[in-house]
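These notes concern the structure reproduced below.
In our numbering, the protein residues as written are 59 to 317.
The structure is reproduced here in C-alpha cells:
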C-alpha cells in the first residue's frame, strides 16, 4: 500500500507496508512510477517527499511469487529488471521536481538505490543502508552499479557491494550518501521544512538544475557547457526568472510561483 497526499505544493508519497518493511510489489512499484510522472507534469506540485512507515524505508522488491529458476526462459530476468527496478529509478532521476528521500529505517537493495536516486537524502538516526545482493548471490540491480560509484567512487562502491555490510546513517553521511542525519522524531519535521523551502523556490530552475547536474556525470566539458547555456536560455523565459531579477533590483524577497 502507498499513501499519497498533496499539501502546500508538496507531493508526499509514503510506503505503508510496515509488516514486510515496505518491500515493493510490482503494483506498488508501478504506482510509484505513476506518482512521480504525475508530479513532473502537474504544475501545482513543486517538490516530492518519499518516505515510509515502520522500521523499514524499503527492503527492496517483494520476491514472493517470483517464478522459480526452472520456469524462466532466457531473457526473462533482463526484461523484468528493465521494466521494473530500472524504470522506477529512472522515474526518480527524471522527475522534473526535486525529490527528497526521508529514510525512516532500513533501506536495503533496491530500497537503498531508491533513496540514492533522490536529489536530497535525509536519514533518521536509526536508518540503515545495506547492499544485500552479494548476501543472496545476486548482482546489484535498480541502477546500483551506476549510482554508487558516482556518489562515493568505485572502490568504496565495490566494498559495500562485495561485503554487503550494513551502513549506519552516520556512516552513510560520512561517505556522502546522505545529506543529513536527524533524530528519528525530527525526520518528518525536517523533511517538511526542506520541502516547504523547495516548494517556495523557482520550480523550473530547480528542474533544469537537476537535469544539468545529473547529465554532467556522463558528459564531457563541451557537452555540459552547451547544456548549461541552453538551460539558461530556457530558464530566462520563465516568470520566476523575471521575478527573481526584478526582486533583486528592487531589494526585496522574490515571490516565486513555480512558473
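Every residue gets a Cβ at the ideal spot worked out from N, C-alpha and C, and that includes glycine.
Start-to-end residues for the beta strand (DSSP E) that takes in residue i
i: residue 63; result: 60–65
i: residue 131; result: No beta strand (DSSP E) contains residue 131, which DSSP labels as neither H nor E.
i: residue 262; result: Unbroken run through residue 262 is the alpha helix (DSSP H), 261–274; no beta strand (DSSP E).
i: residue 114; result: 114–116
i: residue 238; result: 238–240
i: residue 186; result: 186–188
i: residue 72; result: 68–73
i: residue 109; result: 105–110
Range covered by the alpha helix (DSSP H) that runs through residue i
i: residue 150; result: 143–152
i: residue 98; result: 84–99
i: residue 172; result: 168–174
i: residue 255; result: 245–257
i: residue 279; result: 279–293
i: residue 205; result: 202–210
i: residue 192; result: Neither: residue 192 is in no alpha helix (DSSP H) and is coded neither H nor E.
i: residue 233; result: 227–233
C-beta contact flag for residue i and residue j at 9 Å
i: residue 261; j: residue 298; result: yes
i: residue 180; j: residue 249; result: yes
i: residue 120; j: residue 81; result: yes
i: residue 161; j: residue 236; result: yes
i: residue 69; j: residue 93; result: yes
i: residue 103; j: residue 86; result: no
i: residue 271; j: residue 182; result: no
i: residue 206; j: residue 192; result: no
i: residue 265; j: residue 95; result: no
i: residue 257; j: residue 296; result: no
i: residue 301; j: residue 314; result: yes
i: residue 246; j: residue 66; result: no
i: residue 159; j: residue 316; result: no
Coarse secondary structure for residue i, derived from DSSP in three states
i: residue 160; result: strand
i: residue 221; result: helix
i: residue 181; result: strand
i: residue 296; result: coil
i: residue 304; result: helix
i: residue 121; result: coil
i: residue 81; result: coil
Cβ-Cβ separation, residue j to residue i (assumed contact under 8 Å), whole Å
i: residue 202; j: residue 231; result: Actually they do not touch by this definition, with Cβ atoms about 19 Å apart.
i: residue 166; j: residue 118; result: 6 Å
i: residue 169; j: residue 115; result: 6 Å
i: residue 99; j: residue 106; result: Contact doesn't hold; Cβ gap of about 12 Å is too wide.
i: residue 252; j: residue 131; result: The pair is not a contact, with the Cβ atoms about 46 Å apart (cut-off 8 Å).
i: residue 142; j: residue 84; result: 7 Å
Closer than 8 Å is the cut-off here; do at least three beta carbon pairs connect the region 182–192 with the region 138–158?
no
Using a Cβ distance threshold of 8 Å, determine whether the region 102–114 contacts the region 71–84, with at least three qualifying pairs required.
yes
Cβ contact check for the region 225–244 and the region 284–304: 3 or more pairs under 8 Å
no
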